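Asker: In my numbering, the protein residues as written are 88 to 174.
Right, dumping it as structure tokens:
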């Protein structure tokens with residue numbers, strides 16, 4: 088005895104159940120993807136090596152620039168005659 092009211096109720100229940108299944112699956116899928124993603128907070132070995140290489144390059148370059156600056160400042164200082172001491 089399928090009455091029109093019963094058919095409408097069944098369609099409503101099936102639609103609601105499908106909607107809840109889709110929502111729960113979406114939330115679980117998003118959560119699992121965010122939690123298990125390899126790109127969050129971890130560096131691959133090659134990336135870590137490259138990062139160290141870049142940091143070392145910047146450090147060496149900085150030391151080189153500082154040394155050149157010191158050399159230019161000393162070269163720009165007025166030359167003084169050496170002090171001669173007689174024994």
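C-beta: ideal position from N, C-alpha, C; glycine also.
Since we're looking at a predicted model, the values are computed, not measured.
Can you tell me where the alpha helix (DSSP H) with residue 90 in it begins and where it stops?
Answerer: Element bounds for residue 90: n/a, residue is neither H nor E.
Asker: Comparing the CB of residue 119 with every heavy atom of the ligand ZN, is any distance shorter than 7 Å?
Answerer: Only the bare structure without any ligand can be found here, which leaves the ligand ZN out of the picture.
Asker: Going straight from the alpha carbon of residue 149 to that of residue 158, what length do you get?
Answerer: So the two alpha carbons sit approximately 14 Å from each other.
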